[in-house]
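Asker:
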Amino acid sequence: MSSSFLDRQNTVAGPGFDRFMVPPAALAVHLCIGQAYAFSTFNLPLTRLIGLTQSAAGDWNLKDVGWIFSIAIVFLGSSAAIFGRWVESVGPRKSMFVAALCFAGGFLVSAVGIHLHQLWIIYLGYGVLGGCGLGIGYISPVSTLIKWFPDRPGMATGMAIMGFGGGALIAAPLSVILMKHFTTATSNGVLETFVTMGVIYFMFMMIGVISVRVPAEGWKPAGWVPSAHPMKLVTTANVSVDVAWRTPQFWLLWGVLCMNVTAGIGVLGQASPMIQEMFSGKVTTTAAAGFVGLISLFNMIGRFFWASTSDYIGRRNTYMVFFLLGILLYSLVPTFGHMGSTPLFVAAFCIILSMYGGGFATIPAYLRDIFGTFQVGAIHGRLLTAWSVAGVLGPVLVNYIRQYQIDNGVPKAQAYSVTMYIMCGLLLIGFLCNLAMREVKAKYYYQAGAAAGSKA
Amino acid sequence: MKARLVLLWLAVGTPLLWGTYKTLENALKLFQ
Numbered sequence: 001m002s003s004s005f006l007d008r009q010n011t012v013a014g015p016g017f018d019r020f021m022v023p024p025a026a027l028a029v030h031l032c033i034g035q036a037y038a039f040s041t042f043n044l045p046l047t048r049l050i051g052l053t054q055s056a057a058g059d060w061n062l063k064d065v066g067w068i069f070s071i072a073i074v075f076l077g078s079s080a081a082i083f084g085r086w087v088e089s090v091g092p093r094k095s096m097f098v099a100a101l102c103f104a105g106g107f108l109v110s111a112v113g114i115h116l117h118q119l120w121i122i123y124l125g126y127g128v129l130g131g132c133g134l135g136i137g138y139i140s141p142v143s144t145l146i147k148w149f150p151d152r153p154g155m156a157t158g159m160a161i162m163g164f165g166g167g168a169l170i171a172a173p174l175s176v177i178l179m180k181h182f183t184t185a186t187s188n189g190v191l192e193t194f195v196t197m198g199v200i201y202f203m204f205m206m207i208g209v210i211s212v213r214v215p216a217e218g219w220k221p222a223g224w225v226p227s228a229h230p231m232k233l234v235t236t237a238n239v240s241v242d243v244a245w246r247t248p249q250f251w252l253l254w255g256v257l258c259m260n261v262t263a264g265i266g267v268l269g270q271a272s273p274m275i276q277e278m279f280s281g282k283v284t285t286t287a288a289a290g291f292v293g294l295i296s297l298f299n300m301i302g303r304f305f306w307a308s309t310s311d312y313i314g315r316r317n318t319y320m321v322f323f324l325l326g327i328l329l330y331s332l333v334p335t336f337g338h339m340g341s342t343p344l345f346v347a348a349f350c351i352i353l354s355m356y357g358g359g360f361a362t363i364p365a366y367l368r369d370i371f372g373t374f375q376v377g378a379i380h381g382r383l384l385t386a387w388s389v390a391g392v393l394g395p396v397l398v399n400y401i402r403q404y405q406i407d408n409g410v411p412k413a414q415a416y417s418v419t420m421y422i423m424c425g426l427l428l429i430g431f432l433c434n435l436a437m438r439e440v441k442a443k444y445y446y447q448a449g450a451a452a453g454s455k456a
Numbered sequence: 001m002k003a004r005l006v007l008l009w010l011a012v013g014t015p016l017l018w019g020t021y022k023t024l025e026n027a028l029k030l031f032q
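Protein chains in written order, with my numbering: chain A, 1 to 456; chain B, 1 to 32.
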């Protein structure tokens with residue numbers, strides 16, 4: 001594969017190109033990198049590399065293995081922020097290719113770490129290298145999709161980001177099947193699974209690399225005319241990435257994303273023990289695993305549903321729904337627990353998790369509305385640092401407050417009540433950030449030729 | 001172009017549907 005094939009100028013679509021070729025190209029990348037959400041399927045097997053069926057002397061402990069995922073998420077946010085402008089300048093094909101190299105390479109380097117039984121090599125492989133693949137891969141198709149679908153940016157980016165949620169649904173059963181297939185008397189199959197997944201994911205991401213195209217300069221969908229009176233909070237101007245992050249709007253959106261993610265991510269990680277403890281004796285471990293599957297499904301569906309809905313009701317209104325409905329549902333969860341109503345509890349969390357996914361999927365279109373299309377991918381990259389912060393804040397809030405409650409004599413079934421009310425508080429902060437959103441002042445607009453920037 | 005479009009959607013849709021089916025299968029245990 002020559003380097004010229006990857007260059008932006010060789011990805012410009014010719015006449016007659018169907019723009020609906022681009023969402024599956026983006027999905028090919030996001031379905032792979034979404035594997036990160038299912039990494040926990042490897043946690044226990046990684047603690048049994050020597051003992052095989054149970055941990056033996058010299059095996060890694062669960063706490064240290066847990067750091068692999070945390071490092072990957074930190075590098076996801078950091079690399080998206082650092083390489084966002086590079087992704088904008090080189091275009092989607094080269095950035096998807098680099099993402100594939102990093103993500104698949106992360107698996108292969110980690111396989112070496114498993115072979116040598118050196119955990120730091122896995123930190124470096126899946127955590128650092130794979131994390132960079134996650135960050136670059138996550139933002140690489142966003143700007144392109146927004147340019148292909150100026151009439152429905154929410155739906156387009158929602159479709160791609162839905163792939164990130166869907167990736168976990170594929171990776172979880174796939175990992176289990178592969179590990180089972182490769183298990184022998186001397187191996188629990190993790191090493192072979194890492195190598196296989198690295199190869200499969202690289203090949204699958206190549207589908208995206210080969211298929212993706214950028215629209216020609218000035219291209220518009222047939223018959224589409226930009227509205228002479230755009231909706232409130234939808235700009236026709238552009239703001240560069242270096243200016244955008246100095247505006248209050250960027251930090252308000254950062255707060256919106258951070259609060260929405262924090263409220264969902266802690267619950268997602270603790271869903272299984274939470275439902276078992278709140279409905280002690282009524283919900284088995286198997287049923288709890290079903291609950292985790294169900295909310296993961298709603299997390300994925302919500303990405304497409306809410307982002308598409310935002311094209312009709314507006315981005316700010318969509319987040320208003322997330323925050324107000326979220327506050328209502330979180331405040332009702334303890335009541336549902338006291339009532340012993342599992343169906344109401346499950347329904348509430350399905351809606352909450354759909355809005356968690358919807359928050360991720362709607363933010364690129366919100367950024368486009370506020371800052372224009374010029375460097376929206378790079379701005380999105382910087383905003384994803386909110387995800388890294390929420391990734392730490394959410395689980396800490398849920399786990400530590402629960403433990404604090406239990407240590408102070410609160411029954412396990414009621415230990416989550418305070419956490420739920422704190423989530424309401426976080427959502428209220430997000431609501432206020434969203435309420436304060438205004439259009440960017442004209443002094444921040446990008447003037448062509450006034451500063452060096454990337455090609456649109 | 002149409003055939004390529006269908007192939008591309010099949011390529012990404014098939015694993016996504018498989019994953020959704022496996023998850024749904026698991027989720028149904030909640031109601032058993």
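Beta carbons: idealized from backbone N, C-alpha and C, even for Gly.
Being a predicted model, the structure only gives us computed values, none of them experimental.
Does any C-beta atom of chain A lie closer than 7 Å to the C-beta of B:Val113?
Answerer: Lying before the first or after the last residue shown, residue 113 of chain B is absent from chain B, which here runs from 1 to 32.
Asker: Judging by CA-CA distance, which residue of A:Ile379, A:Gly167, A:Ala185, A:Tyr416 is the nearest neighbour of A:Pro395?
Answerer: Indexing the first sequence from 1 puts residue 395 of chain A at position 395. Ranking the options by Cα distance to A:Pro395, first place goes to A:Tyr416.
Asker: Closer than 6 Å by C-beta to A:Gly337: which residues in its own chain qualify, once you throw out the five before and the five after it? Chain order, please.
Answerer: For the purposes of this step, residue 337 of chain A is taken as the residue at position 337 of the first sequence. Short of 6 Å from the beta carbon of A:Gly337, and not among the five residues preceding or following it, lie these beta carbons of its own chain, in chain order: Met278.
Asker: When the Cα atoms are used, what is the spatial distance from A:Phe202 to A:Ala361?
Answerer: Along the first sequence, one-based indexing puts residue 202 of chain A at 202. Along the first sequence, one-based indexing puts residue 361 of chain A at 361. Approximately 24 Å between the Cα atoms of the pair.
Asker: If I'm right that B:Leu30 touches A:Phe291 with Cβ under 8 Å, what's the distance once you round it to whole angstroms?
Answerer: Taking the second sequence and counting its residues from 1, the one referred to as residue 30 of chain B is at position 30. Taking the first sequence and counting its residues from 1, the one referred to as residue 291 of chain A is at position 291. About 5 Å separates the two Cβ atoms, so the contact holds.
Asker: Drop a sphere of 10 angstroms on the beta-carbon of A:Ala452, count the other beta-carbons inside from all chains shown, and report buried for 16 or more, exposed for fewer.
Answerer: The count along the first sequence starts at 1 and reaches residue 452 of chain A at position 452. Bear in mind that a pLDDT of 39 at A:Ala452, under 50, signals an unreliable position, so the number given afterwards is only what the model happens to contain. A:Ala452 should be labelled exposed.
Asker: Measure from the C-beta of B:Ala11 to each C-beta in chain A and report whether the shortest distance is under 7 Å.
Answerer: For the purposes of this step, residue 11 of chain B is identified with residue 11 of the second sequence, where counting begins at 1. Yes, because at least one Cβ of chain A sits closer than 7 Å to the Cβ of B:Ala11.
Asker: For a contact defined as C-beta to C-beta under 8 Å, what are the partners of A:Gly166 on chain B?
Answerer: Stepping through the first sequence from its first residue, residue 166 of chain A is reached at position 166. Result: Leu16, Gly19, Thr20.
Asker: My output table needs one value for A:Val29: the three-state DSSP class, helix, strand or coil.
Answerer: Here residue 29 of chain A refers to the residue found at position 29 of the first sequence. Helix, per DSSP.
Asker: Using a Cβ-Cβ distance cut-off of 7 Å, determine whether A:Met21 contacts chain B.
Answerer: Here residue 21 of chain A is taken as the residue at index 21 of the first sequence, counted from 1. Closer than 7 Å to some Cβ of chain B, the Cβ of A:Met21 qualifies, so yes.
Asker: Taking the straight line between their C-alpha atoms, what separation do you get for A:Gly302 and A:Met320?
Answerer: Numbered from 1 along the first sequence, position 302 holds the residue referred to as residue 302 of chain A. Numbered from 1 along the first sequence, position 320 holds the residue referred to as residue 320 of chain A. Whole-angstrom Cα-Cα distance: 15 Å.
Asker: Does the structure place the region 136 to 144 of chain A close enough to the region 81 to 88 of chain A that three or more beta carbon pairs sit under 8 Å?
Answerer: yes
Asker: Quick check on this structure: which residue in A:Met355, A:Tyr356, A:Ser331 has the alpha carbon closest to the alpha carbon of A:Ala344?
Answerer: Mapped onto the first sequence, residue 344 of chain A falls at position 344. According to the sequence shown, residue 344 of chain A is Leu rather than Ala. Closest option to A:Leu344, Cα to Cα, is A:Ser331.
Asker: Do we get a CB-CB distance below 7 Å when we pair B:Pro3 with the residues of chain A?
Answerer: Stepping through the second sequence from its first residue, residue 3 of chain B is reached at position 3. Residue identity differs from the one stated: residue 3 of chain B is Ala in this sequence, not Pro. False, the Cβ-Cβ gap to chain A never drops below 7 Å.
Asker: I need the DSSP call for A:Ala237, collapsed to helix, strand or coil.
Answerer: What you label residue 237 of chain A is simply residue 237 of the first sequence in a count that begins at 1. DSSP places A:Ala237 in coil when its eight states are reduced to three.
Asker: Identify which residue in A:Arg382, A:Asp59, A:Tyr400, A:Ala448 has its Cα closest to the Cα of A:Cys258.
Answerer: In the first sequence, the residue the question calls residue 258 of chain A occupies position 258. Here the closest residue by C-alpha is A:Arg382.
Asker: Using a Cβ cut-off of 7 Å (strictly closer), state whether A:Gly158 contacts chain B.
Answerer: The residue given as residue 158 of chain A occupies position 158 in the first sequence. No, A:Gly158 lies away from the interface with chain B (no Cβ there is under 7 Å from its Cβ).
Asker: Could you work out which residues of chain B lie near A:Gly290, taking near to mean beta carbons separated by less than 7 Å?
Answerer: Here residue 290 of chain A is taken as the residue at index 290 of the first sequence, counted from 1. Ordered by position in chain B, the residues that pass the 7 Å Cβ test against A:Gly290 are Asn26, Ala27, Leu28, Lys29, Leu30.
Asker: Residues of chain B with CB closer than 9 Å to the CB of A:Thr53, please, in chain order.
Answerer: What you label residue 53 of chain A is simply residue 53 of the first sequence in a count that begins at 1. Correct list: empty, because the minimum Cβ distance to chain B is about 23 Å.
Asker: Check this for me: beta carbons of A:Cys424 and A:Gly255, under 7 Å apart or not?
Answerer: The sequence position of residue 424 of chain A within the first sequence is 424, counting from 1. The sequence position of residue 255 of chain A within the first sequence is 255, counting from 1. No.
Asker: Are the C-beta of A:Asp18 and some C-beta of chain B separated by less than 7 Å?
Answerer: As a first step, residue 18 of chain A is located in the first sequence; it is residue number 18 there, counting from the start. Interface residue, yes.
Asker: Along the region 276 to 305 of chain A, what residues have a CB closer than 7 Å to any CB found in chain B?
Answerer: Thr286, Ala287, Ala289, Gly290, Phe291, Gly293, Leu294, Ser296, Leu297
Asker: Can you pull the DSSP bridge partners for A:Val12?
Answerer: Here residue 12 of chain A is taken as the residue at index 12 of the first sequence, counted from 1. Bridge partners of A:Val12: A:Val214.
Asker: Under the rule that 16 or more other beta-carbon atoms within 10 Å means buried, what is A:Ser227, buried or exposed?
Answerer: By 1-based counting over the first sequence, the position of residue 227 of chain A is 227. Exposed, by the Cβ-count rule.
Asker: By the criterion of Cβ-Cβ separation under 8 Å, what are the contact partners of A:Ala307 in chain B?
Answerer: The residue labelled residue 307 of chain A in the question sits at position 307 within the first sequence. Within 8 Å of the CB of A:Ala307, no CB atom of chain B is found; the nearest one sits about 16 Å away.
Asker: So with Cβ pairs under 7 Å, would you call A:Ile313 a contact of chain B?
Answerer: Translated into positions along the first sequence, residue 313 of chain A becomes position 313. So no, A:Ile313 is outside the interface.
Asker: Note down the Cα distance separating A:Ile170 from A:Asp64, rounded to an integer number of angstroms.
Answerer: On the first sequence, residue 170 of chain A is found 170 positions in, with the first residue counted as 1. On the first sequence, residue 64 of chain A is found 64 positions in, with the first residue counted as 1. Those two C-alpha atoms are separated by around 26 Å.
Asker: Using a Cβ-Cβ distance under 7 Å, would A:Pro24 count as near chain B?
Answerer: Here residue 24 of chain A refers to the residue found at position 24 when the first sequence is read from its first residue. True, the Cβ-Cβ gap to chain B drops below 7 Å.
Asker: Assuming contact is defined by CB atoms lying nearer than 7 Å, are A:Ile295 and A:Leu353 in contact in what I supplied?
Answerer: Taking the first sequence and counting its residues from 1, one reaches residue 295 of chain A at position 295. Taking the first sequence and counting its residues from 1, one reaches residue 353 of chain A at position 353. Contact annotation: A:Ile295 and A:Leu353 have beta-carbon atoms nearer than 7 Å.
Asker: On the three-state DSSP scale, how would you describe A:Ala307?
Answerer: For the purposes of this step, residue 307 of chain A is identified with residue 307 of the first sequence, where counting begins at 1. Assigned with DSSP and collapsed to three states, A:Ala307 falls in helix.
Asker: CA-CA distance, A:Leu393 and A:Gly266?
Answerer: Stepping through the first sequence from its first residue, residue 393 of chain A is reached at position 393. Stepping through the first sequence from its first residue, residue 266 of chain A is reached at position 266. When rounded, the distance between both Cα atoms is 8 Å.
Asker: Please state whether DSSP places A:Ala448 in a helix, a strand or coil.
Answerer: Counting from 1 along the first sequence, the entry for residue 448 of chain A is found at position 448. In this structure, A:Ala448 counts as strand in the three-state DSSP scheme.
Asker: Give the residues of chain B in contact with A:Val346, contact being defined as C-beta atoms less than 8 Å apart.
Answerer: For the purposes of this step, residue 346 of chain A is taken as the residue at position 346 of the first sequence. By Cβ distance, chain B contributes Leu30.
Asker: Applying a beta-carbon distance threshold of less than 9 Å, which residues of chain B neighbour A:Ala28?
Answerer: By 1-based counting over the first sequence, the position of residue 28 of chain A is 28. Ordered by position in chain B, the residues that pass the 9 Å Cβ test against A:Ala28 are Leu8, Ala11, Val12.
Asker: Any C-beta of chain B sitting closer than 7 Å to the C-beta of A:Ile170?
Answerer: Mapped onto the first sequence, residue 170 of chain A falls at position 170. So, interface residue.
Asker: Just to confirm the assignment: which complete beta strand (DSSP E) runs, minimum length 3, are found wholly within the region 285 to 346 of chain A?
Answerer: none
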